[in-house]
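Here the sequence shown stands for residues 271 to 487, numbered as in this note's numbering. Virtual Cβ for every residue (Gly too), placed ideally from N, Cα, C. The structure presented is a predicted model; accordingly, all values stated were derived computationally and were not measured. Written out below as structure tokens is the structure these notes cover.
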Amino acid sequence: MSVTPPRTAARPLRVLVVDDHPVVREGVGLLVRHDPAIEVTGSARSGAEAVRLAAELRPDVVLLDLRLPDMLAPEVIERLRREVPAVHVLIFTAYGDHAAVRTALARGAGGCLLKDAATPDLATAIHRVAAGDRVIDPRLCTPDSAELRRRLEDVGLTRREYDVLRQVAMGRTNPEIAEELSLTRNTVKTYLQVAMQKLGARNRVEAIAKASEAGLL
Numbered sequence: 271m272s273v274t275p276p277r278t279a280a281r282p283l284r285v286l287v288v289d290d291h292p293v294v295r296e297g298v299g300l301l302v303r304h305d306p307a308i309e310v311t312g313s314a315r316s317g318a319e320a321v322r323l324a325a326e327l328r329p330d331v332v333l334l335d336l337r338l339p340d341m342l343a344p345e346v347i348e349r350l351r352r353e354v355p356a357v358h359v360l361i362f363t364a365y366g367d368h369a370a371v372r373t374a375l376a377r378g379a380g381g382c383l384l385k386d387a388a389t390p391d392l393a394t395a396i397h398r399v400a401a402g403d404r405v406i407d408p409r410l411c412t413p414d415s416a417e418l419r420r421r422l423e424d425v426g427l428t429r430r431e432y433d434v435l436r437q438v439a440m441g442r443t444n445p446e447i448a449e450e451l452s453l454t455r456n457t458v459k460t461y462l463q464v465a466m467q468k469l470g471a472r473n474r475v476e477a478i479a480k481a482s483e484a485g486l487l
């Protein structure tokens, strides 16, 4: 197993960029190229690839998109924490009002920055997150309780159905969800079936997609 080399004045911060859009992956390198204390050491297009590369490259910071083709950021963060406990995560997203931002922060992300941030802001955020600071883009607005209730009412979901669906979006199985929410497995299954019916989804993947479209995940 590789070990992250100790941080010294001579060694720049190692950053892994995770985004399914090649323009973003290449753009980050261009944005931070003038900061000699930051080095983009790799890039990934999916959550699974991010976890694999992080275990191999041992970056100091993972610059992570909120929504990837195979999983949402909260699940990626959980896997990264198991594989590379010392890594710091900075969410880099275009979805400033996305409910998953709050979940990602709760799961251990060190901060969140919008993708149209200025170059100095991005570099500063990377340095601060690497130092253990919490960095939140001042323009970021996660849904408050009233806004979340409104969105749930729009699609007809109860709060408990939403809680179960959010756990599904993070890649948890029914038994894991039951343990996390202190429910029986049959109750979890019922909540999920009702949520899928209300969303017009035929399976878990469609339910996650439709909930994301509604701004719930």
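Check, Outcome
"Under the three-state DSSP convention, the category Val354 falls into", "coil"
"DSSP beta-bridge partners of Glu309", "Arg284"
"For Thr394, three-class secondary structure by DSSP", "helix"
"Sequence-distant residues of its chain with Cβ nearer than 8 Å to Ala477 (five each side left out)", "Leu435, Val438, Leu462, Ala465, Met466, Leu469, Ala471"
"Burial state of Glu449 (16 or more Cβ within 10 Å)", "exposed"
"contact_flag[the segment 336-356, the segment 302-313] where n(CB pairs < 8 Å) is 3 or more", "no"
"Alpha-carbon to alpha-carbon, Arg421 and Glu323", "Just to set this straight, residue 323 is Leu in the shown sequence, not Glu. Cα-Cα distance, rounded: 36 Å."
"One or two residues paired with Ala238 in a DSSP bridge", "Residue 238 lies beyond the range of the chain shown here (271 to 487); nothing can be said about it."
"Given 8 Å, three or more beta-carbon pairs between the segment 375-384 and the segment 346-362", "yes"
"Exposure label - Val419; buried when at least 16 CB within 10 Å", "Inspection of the sequence shows that residue 419 is occupied by Arg rather than by Val. Arg419 comes out exposed."
"Residue from Val293, Val302, Ala400, Glu353 with nearest C-alpha to Gly317", "Glu353"
"Three-state class that DSSP yields for Leu301 in the structure shown", "helix"
"Spatial distance of Leu301 from Leu334 (CA atoms)", "16 Å"
"Straight-line gap, Arg404 to Phe362 (C-alpha atoms, nearest Å)", "14 Å"
"Exposed unless 16 or more other CB atoms sit within 10 angstroms - verdict on Asn456", "exposed"
"Pairwise C-alpha distance: Arg328 and Met271", "With a pLDDT of 40 at Met271, under the threshold of 50, the modelled position of that residue is not reliable, and the figure given next carries that caveat. Cα-Cα distance, rounded: 10 Å."
"Identity of the residue in Pro344, Leu451, Leu350 nearest Ala376 by Cα", "Pro344"
"Inter-residue Cα distance where the pair is Asp330 and Arg349", "16 Å"
"Exposure of Arg281, with buried meaning 16 or more beta-carbon neighbours within 10 Å", "exposed"
"Alpha carbon of His291 to alpha carbon of Val425, nearest angstrom", "30 Å"
"Strand pairing of Val371, partner residues [DSSP]", "Answer is none; Val371 lacks a bridge partner."
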